[in-house]
Amino acid sequence: MYLILLSIVFPVLAGVYLLVRKEMADRRHLLITAGICFAITGILVVATLLTQYGADFILFNLTASLPICFAVDGMSAIFSAMTMIIFICAGFFSFEYMKHETKEKRYYGYYLIVFGVLNALCFAGNLITFYLFFEMLTLSSMPLVLHNGSHEAIMAGLKYLFYSLCGAYAALFGIYFISGYSDSLTFTAGGVLNTPAAAEHMGLLLIVAFVMILGFGVKAGMFPMHAWLPTAHPVAPAPASAVLSAVIVKAGVLAIVRLIYFIFGPSFLRGTWVQTAWLILTLITVFMGSMLAYREKVLKKRLAYSTVSQLSYILFGLAIMDTGSVTGGLLHVLAHGFIKSTLFLCAGAIIYTTGKTRVDELRGIGKEMPLTMWCYTIVSLGLIGIPPTGGFISKWYLATGSLSSAIPVFSWLGPVILLVSALLTAGYLLPLTIQGFFPGADYDYEHFKKREPSARMTIPLLILTVLSVLIGLFPTPLVDFLTKIVSAIV
């Protein structure tokens with residue numbers, strides 16, 4: 296119990312401490328303080344997963360029927376482990392990157408608060424607890440979007456806030472209805488709906504389910520409420536973009552997992568118009584996101600559009616509601632997290648070192664920053680789905696799960712769209728590699744200057760790149776763990 300609370304409360308209090316204390320005269324002191332806080336939070340999360348797995352407790356009751364409770368289960372382990380690794384790597388990367396940004400103390404303060412709120416989301420034991428921290432995540436992460444204070448950043452932050460709150464209110468609307476047709480709102484494998492009561496009002500509950508999927512889908516960038524994501528991510532500092540694109544958007548994915556598999560139950564939605572409409576929206580998003588990324592010339596915005604597409608790979612797997620597809624979706628949560636955080640950090644390293652932000656300005660960048668571009672290239676292959684990376688394994692399970700589902704049209708249309716999207720992914724990621732390492736005969740090969748960033752940047756890049764490959768080289772333990780979790784809920 297205490298470890299779960301500490302993993303949530305400690306980073307939040309550490310962040311508040313940084314926000315309220317006076318400016319530190321010595322930047323080194325600030326970085327040491329933030330680094331210690333990252334490390335302690337990571338240790339607390341690991342200790343929680345190792346010692347509290349299967350535990351649950353009620354913190355207090357809002358009302359007699361609305362407890363605030365926390366629990367550690369398989370789904371908690373997946374999302375909290377990914378959050379911890381990426382937040383710590385991006386945090387240490389920011390020690391170098393944030394040199395050229397102002398208000399560092401404020402940045403690390405909100406960064407730590409978001410870390411704690413995400414831990415609370417992962418360990419939430421019921422829908423009410425989850426919703427409260429889902430709202431807090433929006434409010435605490437918005438300062439990361441508008442950090443530099445420019446007009447563009449402020450407008451992007453307001454757009455993020457508006458979209459996220461609208462989505463959350465749609466989810467809250469659904470919670471009111473669900474509470475009347477369920478015995479409790481505690482996350483339970485297979486769902487919590489009262490079967491006789493739900494059967495009498497199935498039409499209404501299906502509408503509620505669809506509205507809630509749309510609401511939570513806003514955070515995951517699902518069409519038609521995706522427009523905030525390519526606006527907000529590029530204006531944030533690169534380390535913040537990394538956690539936004541790799542972790543914070545996954546709060547929407549986790550919300551939908553909890554909603555479908557732990558509240559409604561897949562048997563209630565399988566074969567209904569809700570499943571069909573949801574599948575249509577995910578495939579539209581996959582294709583549309585890839586097309587927009589292919590056409591985009593600004594590197595960070597291209598990666599943001601890519602996130603729109605890749606998140607709906609996960610949602611597609613969840614919507615198929617087959618053991619293989621859901622396993623692939625959860626595996627892609629991890630693979631995409633490591634890959635996309637690496638891509639944004641590579642973009643940050645390039646921007647920090649060269650000041651260039653557009654893809655067409657980066658000819659020969661592989662000669663100047665070979666280590667950074669090798670990391671970029673390896674994880675790009677993973678996002679495309681080329682072995683031996685984790686992206687290949689996750690997409691393999693997504694495709695085979697879809698084909699074995701026997702859902703009319705979607706069982707084969709899904710893999711086709713995923714394949715087309717993979718080709719588009721290669722089209723918008725690999726040209727930077729090709730032009731970076733092979734800039735052409737007119738490039739000045741004699742006078743280019745190697746300028747890799749410092750170890751504070753390159754070590755996090757290497758760690759995340761290695762993790763994305765290890766998932767593909769040794770997938771069996773992870774797949775077995777995920778299959779065990781999925782078998783209990785599908």
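When we follow my numbering, the leftmost residue of the sequence shown carries the number 296, and every step to the right adds one.
Using N, Cα and C, we set each Cβ at its ideal position, and we do this for glycine too.
Nothing here was measured: the structure is a model prediction, and the numbers come from that model.
- Each of Gly510, Ala376, Thr526 was checked against the Cα of isoleucine 449, and the nearest Cα belongs to Thr526.
- Inclusion of threonine 343 and leucine 308 in the CB contact set at 8 Å is not warranted, their separation being larger than that value.
- Per DSSP, reduced to three states, the secondary structure at isoleucine 363 is strand.
- About 6 Å separates the beta carbon of glycine 643 from that of proline 534, a gap short enough to meet the 8 Å contact definition.
- Nearest Cα to proline 306 within the set Gly722, Arg590, Tyr405, Tyr392: Tyr405.
- Looking at the DSSP output, valine 603 sits in no beta bridge, so it has no partner there.
- Annotation for glutamate 399: Arg322, Leu325, Met393 place their beta carbon closer than 8 Å to its own, counting only its chain and skipping 5 residues before and after.
- The C-beta separation of cysteine 417 from phenylalanine 374 comes to about 5 Å, placing the pair in contact by the 8 Å criterion.
- Every alpha helix (DSSP H) stretch that sits fully inside the segment 690-758 and reaches 4 residues is listed by chain position as 705-732.
- Taken through DSSP and simplified to helix, strand or coil, leucine 657 comes out as coil.
- As computed with DSSP, isoleucine 373 is found in no beta bridge at all.
- Boundaries for leucine 488: no beta strand (DSSP E) harbours it, and the DSSP string shows neither H nor E there.
- Scanning the segment 429-496 from its first residue to its last, the whole alpha helix (DSSP H) runs of 4-plus residues come out as 446-475, 490-495.
- Leu574 is the residue among Leu574, Thr667, Glu663 whose C-alpha sits nearest the C-alpha of serine 706.
- Taken through DSSP and simplified to helix, strand or coil, threonine 424 comes out as helix.
- Shortest Cα-Cα distance from glutamate 656 to any of Val621, Val593, Tyr455 involves Val593.
- Given a length threshold of 3 residues, the segment 303-354 has no whole run of the beta strand (DSSP E) inside it.
- Under the 10 Å beta carbon count, leucine 499 is surrounded by fewer than 16 other beta carbons and is classified as exposed.
- In the structure shown, valine 542 falls within a helical segment according to DSSP collapsed to helix, strand and coil.
- When the Cα atoms are used, isoleucine 543 and glutamine 570 turn out to be separated by approximately 25 Å.
- In the structure shown, alanine 419 adopts extended strand secondary structure according to DSSP, grouped into three states.
- The way I'd put it, the segment 548-563 doesn't touch the segment 357-365; fewer than three beta-carbon pairs between them come closer than 8 Å.
- Around the beta carbon of aspartate 617, 16 or more other beta carbons lie within 10 angstroms, which makes this residue buried.
- In this structure, DSSP gives threonine 580 a helical state, which the three-state scheme calls helix.
- Rounded to the nearest whole angstrom, the C-alpha separation of methionine 583 and threonine 577 is 10 Å.
- In the three-state DSSP reduction, valine 785 falls in the coil class, being neither helix nor strand.
- When C-alpha distances from isoleucine 338 are compared across Val311, Ser360, Lys317, Asn414, the shortest belongs to Asn414.
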